[in-house]
Amino acid sequence: MNGPRHAVQTLHEEISTRRDRALEQPAHDVRTAAVLGIALGVCFSLCFVTGLVSHTLQQPPQWFDWGSRPAGLYRITQGVHVISGTAAIPLLLAKLWSVYPRLFLPLERHIVPAIERLSLVPLVGGSLFMLFTGTANIARWYPWPFFFPRGHYWGAWITIGALVIHIGARASNARVALRRDSSITTAATASSDRNPISDGRIRPIGRRTLLGWAGGASLALTAVTAGQTVPFLRRIVLFAPRRPDIGSQGLPVNRAASEAGVMDRAQDPQWRLIVDVDGAEKLSLDLAALAALPQRHATLPIACVEGWSASARWSGVSVIDVLTHASITQFDTVEVVSLEDGGLYSRSILNTSQARDRDTILATTVNGETLNLDHGFPIRLIGPNRPGVMQTKWVTRLVVR
Ligand SMILES: Nc1nc2c(c(=O)[nH]1)N[C@H]1C(S)=C(S)[C@@H](COP(=O)(O)O)O[C@H]1N2
Ligand SMILES: [Mo]
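This is how it looks when you write it as structure tokens:
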């Protein structure tokens, strides 16, 4: 009696047959995998580079000085980040479906293919992790125990590292498969014409069909997402929790005054803007004193890390004018501090070029109206080429260093 052994053997044969049959389908061949791989490579590269930019300018190392111009640059880099990540979702699903029969190929007993196969764990795991956490962050859903920016950042390095190994291992195969006259492709195309699977259990799916659906889904998803930052697509926005033109005073609100717990302090007549230098209070201004300083007007976008962005007309006092008023001429950084206690966005840093830009404003009005509480009353920071998270609301202190 060798029942179990026989069963294992039968199962093994069954798997091999199914695998080989699947691999005969053009939708599962190397050429399809290569086309999807290239599209994913483009999306992932754009997403990685723009993500690095966003991360670096929020945690700037010594050598990195993100300038204040062009004013709308961050809006574009972060728009590309969210759009390329979103576009990658259908492509990744199609790619996984296209290549999964290959996982059942026997492993060659060599170190290089073994490493390559092993690198699929961080590659597939990392890709799914990145697209999932990014999408969930946009929806402000955090079903995980770690701090999103940190996890998303390290996940990116792991995924890109595995992607480099993967491309290195597969590039030459892919190149051959993509050559029109290659024997692999002609065989695959021929077999698709002959329709070799008459088995009925597996319906063959052509390469064009799969690529068409994946590409179409990716474009459609891009179109309904991009409206959160591209105005003419606004009317078809579906996957954007905050449409840029919906919210009070023509702008979305990410965190309301009540959520931030600043309702009382923001309306307190005792509110002052305080300028600190070397740990000592140098200047204290109330709203009337601010209004007496030169007023600056600028049209600038709020560009949220979540991908939405919206332009508005702001007016208030330039940060540099406040510093000049306090007789401060030399400084490295200006930390802008909110009334909000704690919270990740209750303070942000201006480097020298940002602080010296006249359009870096402590705004008191938006779109011609006095800022309401949710947009940062009595004053909020708004500056060119900054992520939304660094446009601190309910400002009460400038710490000059
Ligand atoms: N103090 C404080 N400022 C803040 C925030 C916050 O939570 N607290 N959110 C930031 C984020 S993430 C964005 S996108 C912008 C949004 O500004 P809005 O609510 O006026 O549109 O404010 C920023 N300023
Ligand atoms: Mo944001």
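Taking our numbering, the leading residue of the sequence shown gets 121, the next gets one more, and so forth.
Idealized CB from N, CA, C, for every residue including glycine.
Keep in mind that this is a model prediction, so the values were computed, not measured.
- Sequence-distant partners of Gly-271 (beyond 5 residues in either direction) whose C-beta falls short of 6 Å from its own C-beta are missing from its chain.
- Less than 8 Å separates the beta-carbon of Ala-386 from that of Ala-377.
- Membership of His-417 in the beta strand (DSSP E) is indicated by the continuous run 416-423.
- Pairing Tyr-262 with Asn-505 gives a Cβ-Cβ distance that is not under 8 Å.
- For Leu-177, the CB contacts under 6 Å within the same chain, skipping 5 residues up- and downstream, are Trp-186 in chain order.
- Judged by their CB atoms, Gln-145 and Thr-170 are not nearer to each other than the 8 Å cut-off.
- Under the three-pair Cβ rule at 8 Å, the segment 151-164 counts as touching the segment 291-302.
- Excluding its 5 nearest sequence neighbours in each direction, Trp-274 has no C-beta neighbour in its own chain below 6 Å.
- Look at Ala-380: its beta carbon is less than 7 Å from one of the heavy atoms in ligand 1.
- In its chain, beyond the 5 residues on either side, Thr-453, Glu-455 have a beta carbon closer than 6 Å to the beta carbon of Ile-469.
- Per DSSP, reduced to three states, the secondary structure at Pro-146 is helical.
- Boundaries for Leu-405: no alpha helix (DSSP H) harbours it, while the beta strand (DSSP E) harbouring it runs 400-405, taken from the DSSP string.
- Counting only the Cα atoms, Leu-491 lies some 8 Å from Ala-483.
- Taking every protein chain shown into account, the CB of His-132 has fewer than 16 other CB atoms within 10 angstroms, so this residue is exposed.
- Within the DSSP secondary-structure output, Gly-436 pairs in a beta bridge with Arg-416, Ala-483.
- Of the other Cβ atoms in all chains shown, 16 or more fall within 10 Å of the Cβ of Thr-512; this residue is therefore buried.
- As DSSP reads the structure, Arg-467 sits in a beta bridge with Val-457.
- At a cut-off of 7 Å, the beta-carbon of Gln-198 does not count as near ligand 1: no heavy atom of the ligand is closer than that.
- Around the C-beta of Glu-489, fewer than 16 other C-beta atoms lie within 10 Å, and the residue is accordingly described as exposed.
- A distance below 7 Å between beta-carbons, with the five flanking residues on each side excluded, links Gly-254 to the following residues of its chain, in chain order: Gly-205, His-272.
- Rounded to whole angstroms, the gap between the alpha carbons of Ser-218 and Gly-462 is 47 Å.
- Those residues whose C-beta sits under 6 Å from the nearest heavy atom of ligand 2 are, from N- to C-terminal order along the chain, Asn-374, Cys-424, Val-425, Glu-426, Gly-508, Val-509.
- Non-local C-beta neighbours of Gly-246 in its own chain, meaning closer than 7 Å and more than five positions away in sequence, comprise Gly-275, Ile-278, Thr-279, Ala-282, ordered along the chain.
- Fewer than three beta-carbon pairs drawn from the segment 412-426 and the segment 325-337 are found closer than 8 Å, and the two stretches are therefore not classed as touching.
- Secondary structure note for Thr-512: it is in no beta strand (DSSP E), with a DSSP letter that is neither H nor E.
- Taking C-beta atoms as the reference points, His-201 and Cys-167 count as a pair closer than 8 Å.
- Counting only residues of its own chain and dropping the five nearest sequence neighbours on each side, Leu-464 has a CB closer than 8 Å to the CB of Val-509.
- The beta carbon of Thr-480 sits no closer than 7 Å to any heavy atom of ligand 1.
- Cα atoms of Thr-516 and Gln-348: separation of roughly 31 Å, rounded to the nearest angstrom.
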